[in-house]
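Colleague: Have a look at this one.
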Amino acid sequence: MTSPADLSSLPRCVIKSVLNGNTIVIRAPSGNPPPEKVVSLAGIVAPQMGKDAATPSEPFAWEAREALRKLCVGRPAAIRVEYSLPNGREFCTIFVGPNPDTDNLNAQYVETGFVKVRQQNTKHDQPAHLAALLAAEESAKENAVGAWSSTKPLSPNPPLFTDAKPAEAFLAKNKGKTLEAVVERVRNGSSYLVTLLPSRQAINLQLAGVRAGSSRAESDDPVAAEAHSFAESRLLQQNVTVILEDLNPQSLWFTGSLTNRAGASFAVALAQGGYVLPNDHTMASVSAAAGGVTPLLGAFNQARSKRLRVFRDYVPPAATAAKVVGGAGATSSSAAASGPTQGKAYTAARVCRVVSAGMYAMYSAETGFERETRIQLAGVFAPNLKNEAEAPWVARSREFTRELLMDTKKPVTVTHEYSRPGVDDFDERPCVSIRIGNLDLAVKLIESGMATVQKIRHDMPRPLNYDALIAAEIQAKNKKVGIHSGKPPAAGGLNDISASVNKAKQFLPFLTRAPGARHRGIVEHVVSGSRMKIILPGDSVLLTFSLQGVQCPRAPAGGAGSGDPSKEEPFGAEALAFTAAQVQNRSVEVSISGVDRTGTFTGSLSFQDYEAGDDKTQADLAVSLLERGLANTHAYSLEYTPNAAELKRAEEAARQQKLGIWIRREEELRREAERKEAEAAAAAKTEQRVIYVTDVRPHTGTFMAQLESVHTSGELAQLSTLLQAEAEAIASPPEVAALRARGALFAIYLESEGGWFRGRIARVAGSTVDAILVDYGWVETGLPVSAVRALSSSLAARPPLAAEYTLAGLRLAEPSATARDAIKRALAGHDIQTAIDAALGDGDSYYNDAINALAGLVSNATLRVYTIGLRDPTTGAQPVLAFLKEGEVIMTDSINAKLVDMGFAFAESQPPAAGASVPIWLAAVLAAEKKAKANRVGMWEFGDLTPDDDTSFGMTGLRLRR
Numbered sequence: 001m002t003s004p005a006d007l008s009s010l011p012r013c014v015i016k017s018v019l020n021g022n023t024i025v026i027r028a029p030s031g032n033p034p035p036e037k038v039v040s041l042a043g044i045v046a047p048q049m050g051k052d053a054a055t056p057s058e059p060f061a062w063e064a065r066e067a068l069r070k071l072c073v074g075r076p077a078a079i080r081v082e083y084s085l086p087n088g089r090e091f092c093t094i095f096v097g098p099n100p101d102t103d104n105l106n107a108q109y110v111e112t113g114f115v116k117v118r119q120q121n122t123k124h125d126q127p128a129h130l131a132a133l134l135a136a137e138e139s140a141k142e143n144a145v146g147a148w149s150s151t152k153p154l155s156p157n158p159p160l161f162t163d164a165k166p167a168e169a170f171l172a173k174n175k176g177k178t179l180e181a182v183v184e185r186v187r188n189g190s191s192y193l194v195t196l197l198p199s200r201q202a203i204n205l206q207l208a209g210v211r212a213g214s215s216r217a218e219s220d221d222p223v224a225a226e227a228h229s230f231a232e233s234r235l236l237q238q239n240v241t242v243i244l245e246d247l248n249p250q251s252l253w254f255t256g257s258l259t260n261r262a263g264a265s266f267a268v269a270l271a272q273g274g275y276v277l278p279n280d281h282t283m284a285s286v287s288a289a290a291g292g293v294t295p296l297l298g299a300f301n302q303a304r305s306k307r308l309r310v311f312r313d314y315v316p317p318a319a320t321a322a323k324v325v326g327g328a329g330a331t332s333s334s335a336a337a338s339g340p341t342q343g344k345a346y347t348a349a350r351v352c353r354v355v356s357a358g359m360y361a362m363y364s365a366e367t368g369f370e371r372e373t374r375i376q377l378a379g380v381f382a383p384n385l386k387n388e389a390e391a392p393w394v395a396r397s398r399e400f401t402r403e404l405l406m407d408t409k410k411p412v413t414v415t416h417e418y419s420r421p422g423v424d425d426f427d428e429r430p431c432v433s434i435r436i437g438n439l440d441l442a443v444k445l446i447e448s449g450m451a452t453v454q455k456i457r458h459d460m461p462r463p464l465n466y467d468a469l470i471a472a473e474i475q476a477k478n479k480k481v482g483i484h485s486g487k488p489p490a491a492g493g494l495n496d497i498s499a500s501v502n503k504a505k506q507f508l509p510f511l512t513r514a515p516g517a518r519h520r521g522i523v524e525h526v527v528s529g530s531r532m533k534i535i536l537p538g539d540s541v542l543l544t545f546s547l548q549g550v551q552c553p554r555a556p557a558g559g560a561g562s563g564d565p566s567k568e569e570p571f572g573a574e575a576l577a578f579t580a581a582q583v584q585n586r587s588v589e590v591s592i593s594g595v596d597r598t599g600t601f602t603g604s605l606s607f608q609d610y611e612a613g614d615d616k617t618q619a620d621l622a623v624s625l626l627e628r629g630l631a632n633t634h635a636y637s638l639e640y641t642p643n644a645a646e647l648k649r650a651e652e653a654a655r656q657q658k659l660g661i662w663i664r665r666e667e668e669l670r671r672e673a674e675r676k677e678a679e680a681a682a683a684a685k686t687e688q689r690v691i692y693v694t695d696v697r698p699h700t701g702t703f704m705a706q707l708e709s710v711h712t713s714g715e716l717a718q719l720s721t722l723l724q725a726e727a728e729a730i731a732s733p734p735e736v737a738a739l740r741a742r743g744a745l746f747a748i749y750l751e752s753e754g755g756w757f758r759g760r761i762a763r764v765a766g767s768t769v770d771a772i773l774v775d776y777g778w779v780e781t782g783l784p785v786s787a788v789r790a791l792s793s794s795l796a797a798r799p800p801l802a803a804e805y806t807l808a809g810l811r812l813a814e815p816s817a818t819a820r821d822a823i824k825r826a827l828a829g830h831d832i833q834t835a836i837d838a839a840l841g842d843g844d845s846y847y848n849d850a851i852n853a854l855a856g857l858v859s860n861a862t863l864r865v866y867t868i869g870l871r872d873p874t875t876g877a878q879p880v881l882a883f884l885k886e887g888e889v890i891m892t893d894s895i896n897a898k899l900v901d902m903g904f905a906f907a908e909s910q911p912p913a914a915g916a917s918v919p920i921w922l923a924a925v926l927a928a929e930k931k932a933k934a935n936r937v938g939m940w941e942f943g944d945l946t947p948d949d950d951t952s953f954g955m956t957g958l959r960l961r962r
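Taking UniProt numbering, the leading residue of the sequence shown gets 1, the next gets one more, and so forth.
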């Protein structure tokens, strides 16, 4: 017998887990992590657990393992090694208490009846407490327990799910239920292999709302190893409760909550110790029965504030606030924070447009209402049209946001959270949180199901109210509201009554039932200062509306700074910006008085004037525009306008103060005149040159040429000799990165010419290049990279000896639309050969004939040319008037006139300035076109089909084809 004194001398350990019927894992009482060892119980024969279907479990194997687990796992113990095998395996007697007679684990295990005593005549198999084991076995037989009873053994345990359908069915049956379970293995701090009881179904479980790092041996994350040890020491082979909430159909991992023996959420314990990071994707699966998401978020905040483990580098965010009064005006303090929270501060900002539920546009005093600034609601994703489930909610969520933000009379506070960095052509975008009185806009949108939470990485900036957003989304999902309802919103289509004149006239009587009747409307889009699209919710109609009695300067098509500047009138952009800032996306009142011949309704519009400081003040938009000099009265419609006198007074006041369009613009007019004068002077400069044409370019309709003095001198031969000497001294071609350098010149060998030429690389395609030989204008494609050498700075500095020219005063017949698109795509990819093939491959158009005619007139010819005007801004070609060198300079014999006379080009000219006459050379080109039309040659063979300026019948942009 072993006495208590003997136990005190034995090594101490903690029983970590049970591997099989008689094999356990023990660990040292301390250490980080503590050392471990696998040992077997001496003197016992236990049924073995099967590893797979090929090796099934023996009868009572599960029952035996469970009996041993319940007896010893997690308990401190003393261990005595009875003997060991040559492979190092030790067989021991374990004592789980101070009394060696009553606390002998081996004997307690035998007494359960699931294992037997090993009795063999080997010198090693005789433990000191063999008598106690035999007595325990006799007790089990007498009491008929375990395998000695009439109870049949349990069937083998169900395996892990390998198919999604049975796993989904299992989740549907048990979702939200509290299930007893045993943690079989800790994979990392937040994911485990568990066996559910009493079904004994094994599943992989991921804790909802948290995410631990990988604890594999190759991982260098010390916190992940700590999290693994923390979970293992508290959960491994312990009885826990599990609540399943979700399933990943690809990995077949279940998501849910787990409470330990103390009944506390283990996810909260992990978060509180800083062992794990938040997992926003599964936060909504945190079960209410396990305490819900609020304690978990609080635990994360506590760990952040203490900077524990994964939050050791956490930096608390700072914020800057801007206050918007009455949903329109705003003041803000400058951003004092640094890092990701530092952003722009807007003074007197005005929210002018709701782009979507999570994005808005503001005007600010710094830009003078000339440029809108986009802001994004931090941490919020608006419904997306590309998402089939969310697409029906796009319009509804936008209107929901507009009603909250644009029509409110409460003060609106904008807090800068962080800035989203600019990418490519997109500017930096401020991300903000917005409060309307005491209402958090983002929280309201999310809890109403009008938006979802943006999942943000833990090391990226987050809004201060991020935890509230997560909680609001969980609430919305539980209530199944909005986009979480699984069904689209109630239908609310709009009837566009301005789609046609007849339709507009049919609806006019209903909108003018009572003289002066006013309708509540929402301005959907502002086209110009006086023209807009308005929704009348009460009538479910959309109409185009124009202010009666006034007209604003023409605005650019896409807002200030966009569109065609030649079609924009002075102060058109300012009028557009003012109207947009006052009424866009806001509720207004409109009075309809008539409809014009385009289906546009006319009348008056009043809006809430926040600048007046009185929530009840309504301002007339037409009067406001006139007072600021952004519009003038329209004589015809003014006669039918009820408040014509008020409009005239507002216009006269702006005229007297010289505001807006009434400002004297002599300085601008003088600068415009000087610019036109400079352009005219440049165009009048004419230089005579004698050139030799080296190439005609089909894809641009231009030609390349050298000066005759260069072509006939020895300069080209001298240059070739220098290139050959340099190239042969270099053994290998340049790197591919150097070949892609824009504008760089290289020495290029042409096998067909047997010499070296200077060239610019147009495209690199694998082991070949396309090049433009700058001294000849030739395009060479498919050259091997090995034929390219670097060029010295002295040779690279010499200007190209060939230049690009185009015939002035004409425009070649156009290729087909397909060919034009192909040429454009090829040139965008620097694929000149494909562009040439596209131009020449369009055999059904007159463009081929035009190129062939041009080549026949100028190829390899020596020409006398006169420069006309400035270089073409698109191609860089110099417009010229060209004659053959040997011929006389007779305008009707110019190559320009000849090509037009052949019917392969249009005469192209601008009307002469007042008092000026058409130049003689251009008159000859115009006469040649008239003659070609009369003779029906070339593209005129079927008559005069030039486009008319009148677009009434849709006959613009005709392309002449055979």
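Backbone N, C-alpha and C fix where the C-beta goes; we use that ideal spot for every residue, glycine too.
1. On the criterion of 16 or more Cβ atoms from any shown chain inside 10 Å, does Q657 qualify as buried, or is it exposed?
2. Note down, in chain order, each residue of its chain lying with its Cβ closer than 7 angstroms to the Cβ of I15, except the 5 sequence neighbours on either side.
3. Could you tell me the alpha carbon to alpha carbon distance between I203 and S251, rounded to whole angstroms?
4. By Cβ distance, which residues of its chain are closer than 7 angstroms to G538, with the 5 residues on each side in sequence left out?
5. Kindly list the residues whose CB is nearer than 7 angstroms to the CB of T892, restricted to its own chain and excluding five residues on each side of it in sequence; keep chain order.
6. Could you compute how far the alpha carbon of D52 sits from the alpha carbon of R187?
7. Which class does K37 belong to by DSSP, given the choice of helix, strand or coil?
8. Quick test of your reading: A905 and A850, contact by CB under 8 angstroms. State the CB separation rounded to the nearest angstrom.
9. So, is G743 buried or exposed, given that buried needs 16 or more other C-beta atoms within 10 angstroms?
10. Suppose only complete runs of 4+ residues qualify. What are the alpha helix (DSSP H) ranges in the region 539 to 612, listed by chain order?
11. What does DSSP give as the partner residues of T401 in its beta bridges?
12. How many angstroms separate the CA atom of I375 from the CA atom of P463?
13. What does a CB cutoff of less than 7 angstroms around A284 pick up in its chain, not counting 5 residues either side in sequence?
14. Would you report the Cα separation of E639 and S624, rounded to the nearest angstrom?
15. Examine the ligand GDP and report whether any of its heavy atoms sits within less than 7 angstroms of the Cβ of E63.
16. Mind reading off the beta-carbon distance from F507 to V541? Whole number of angstroms is fine, and I expect it under 8 angstroms.
17. What whole-angstrom Cβ distance do Q272 and S17 have, given they're in contact under 8 angstroms?
18. So, with DSSP's three-state summary, where would you put H228?
19. Considering only the alpha carbon of each residue, which of Q548, R420, A635 and R312 lies closest to S604?
20. Which parts of the region 159 to 190 are runs of the alpha helix (DSSP H), unbroken and 4 residues or longer, counting only runs that do not cross its ends?
21. Determine the DSSP secondary structure at R518, reduced to helix, strand or coil.
22. Under 8 angstroms, do V774 and A737 count as touching if we go by C-beta distance?
23. With distance defined between alpha-carbon atoms, name the residue in H129, V354 and E63 nearest to A42.
24. What first and last residue would you give for the beta strand (DSSP E) that runs through V18?
25. Looking only at its own chain, which residues have a Cβ that is under 7 angstroms from the Cβ of A914, when we skip the five neighbours before and after it?
26. Taking the Cβ atom as the reference point for each residue, do E245 and A212 lie within a distance shorter than 8 angstroms?
27. What residue range is occupied by the uninterrupted alpha helix (DSSP H) comprising P430?
28. Taking C-beta to C-beta, are A797 and M939 nearer than 8 angstroms?
29. Let me check understanding here. Comparing Cα to Cα, which of K141, H458, F400 and D459 lies closest to residue 973?
30. With distances taken from CA atoms, which of C352, P33 and I761 is nearest A741?
31. Where do the N-terminal and C-terminal ends of the alpha helix (DSSP H) with S637 fall, by residue?
32. By how many angstroms is the C-alpha of S419 removed from the C-alpha of A224?
33. Thinking C-alpha only, which one of S498, V380, S752 and T721 is nearest N465?
34. Cα-Cα, which of S233, T282, I663 and V523 is closest to E36?
35. Specify the secondary structure class of W253 as computed by DSSP and reduced to three states.
36. Counting along the chain, where does the beta strand (DSSP E) carrying G755 start and finish?
Modeller: Per the coordinate set shown:
1. Residue mapping note: residue 657 aligns to position 657 of the sequence shown, counting from 1. Per the 10 Å Cβ criterion, exposed.
2. By 1-based counting over the sequence shown, the position of residue 15 is 15. Correct list, in chain order: I24, I26, C72, V73, G74, R75 and A77.
3. By 1-based counting over the sequence shown, the position of residue 203 is 203. By 1-based counting over the sequence shown, the position of residue 251 is 251. Computed Cα separation, rounded: 11 angstroms.
4. Reading the sequence shown from its first residue, position 538 is the one you call residue 538. Within the same chain, G538 has close Cβ partners H519 and R520.
5. Along the sequence shown, one-based indexing puts residue 892 at 892. Closer than 7 angstroms at the Cβ level, and outside the excluded window around T892, lie A924.
6. Here the question's residue 52 lines up with position 52 in the sequence shown. Here the question's residue 187 lines up with position 187 in the sequence shown. Rounded to whole angstroms, D52 to R187 spans 20 angstroms at the Cα level.
7. Start at 1 with the first residue of the sequence shown, and residue 37 comes out as number 37. In the structure shown, K37 sits in a strand (DSSP, three-state: E or B).
8. Along the sequence shown, one-based indexing puts residue 905 at 905. Along the sequence shown, one-based indexing puts residue 850 at 850. The Cβ separation is near 6 angstroms, so the contact holds.
9. By 1-based counting over the sequence shown, the position of residue 743 is 743. The residue is exposed, with fewer than 16 neighbouring Cβ atoms inside 10 Å.
10. 572 to 583
11. Your numbering for residue 401 matches position 401 in the sequence shown. Paired residues: none, contrary to the question.
12. Within the sequence shown, residue 375 is the residue found at index 375, counting from 1. Within the sequence shown, residue 463 is the residue found at index 463, counting from 1. Cα to Cα, I375 sits roughly 14 angstroms from P463.
13. On the sequence shown, position 284 is the one that residue 284 refers to. Excluding residues within five positions, the ones whose Cβ falls inside 7 angstroms are E473, I474 and K477.
14. One-based indexing of the sequence shown puts residue 639 at position 639. One-based indexing of the sequence shown puts residue 624 at position 624. Cα to Cα, the separation comes out at about 19 angstroms.
15. Of the ligands one can find in the structure shown there are none, so the ligand GDP has no counterpart to examine.
16. For the purposes of this step, residue 507 is taken as residue 507 along the sequence shown, with counting starting at 1. For the purposes of this step, residue 541 is taken as residue 541 along the sequence shown, with counting starting at 1. F507 to V541, Cβ: 7 angstroms. Contact.
17. Along the sequence shown, read from residue 1 onward, the residue named residue 272 stands at position 272. Along the sequence shown, read from residue 1 onward, the residue named residue 17 stands at position 17. At roughly 25 angstroms, the Cβ-Cβ gap does not stay under 8 angstroms, so Q272 and S17 are not in contact.
18. Position 228 of the sequence shown, counted from the start, is the residue given in the question as residue 228. H228 falls in the helix class under three-state DSSP.
19. Along the sequence shown, one-based indexing puts residue 604 at 604. It is Q548 whose Cα lies nearest to the Cα of S604.
20. 164 to 174
21. Position 518 of the sequence shown, counting from 1, holds the residue named residue 518. Coil, per DSSP.
22. Within the sequence shown, the letter at position 774 stands for residue 774. Within the sequence shown, the letter at position 737 stands for residue 737. Cβ atoms of V774 and A737: not closer than 8 angstroms.
23. As a working mapping, residue 42 is identified with position 42 in the sequence shown. The residue with the shortest Cα to Cα distance from A42 is H129.
24. Indexing the sequence shown from 1 puts residue 18 at position 18. Run containing V18: R12 to N20, per the beta strand (DSSP E) assignment.
25. Taking the first residue of the sequence shown as 1, we reach residue 914 at position 914. Legend: pLDDT at A914 = 49, less than 50; position of this residue unreliable, no value from coordinates given.
26. Translated into the one-based positions of the sequence shown, residue 245 becomes position 245. Translated into the one-based positions of the sequence shown, residue 212 becomes position 212. No, the Cβ-Cβ distance between E245 and A212 is not below 8 angstroms.
27. In the sequence shown, the residue the question calls residue 430 occupies position 430. Not the alpha helix (DSSP H): P430 falls in the beta strand (DSSP E), residues R429 to I436.
28. Here residue 797 refers to the residue found at position 797 when the sequence shown is read from its first residue. Here residue 939 refers to the residue found at position 939 when the sequence shown is read from its first residue. Cβ distance not < 8 angstroms, so A797 and M939 don't count as in contact.
29. The chain is shown from 1 up to 962; residue 973 falls before or after that span and cannot be answered.
30. Stepping through the sequence shown from its first residue, residue 741 is reached at position 741. Considering only alpha carbons, the answer is I761.
31. Along the sequence shown, one-based indexing puts residue 637 at 637. Per DSSP, S637 belongs to the alpha helix (DSSP H) from A635 to L638.
32. Sequence index remark: in the sequence shown, residue 224 carries index 224 (1-based). Sequence index remark: in the sequence shown, residue 419 carries index 419 (1-based). Taking the straight line from one Cα to the other gives about 31 angstroms.
33. Walking along the sequence shown from the start, residue 465 turns up at place 465. Selected option, being the one with the closest Cα: V380.
34. Locating residue 36 in the sequence shown gives position 36, where the first residue counts as 1. Minimum Cα distance to E36 is reached at S233.
35. The residue you call residue 253 lines up with position 253 of the sequence shown. Three-state DSSP puts W253 in coil, outside helix and strand.
36. Position 755 of the sequence shown, counted from the start, is the residue given in the question as residue 755. G755 -> beta strand (DSSP E) spans G755 to A765.
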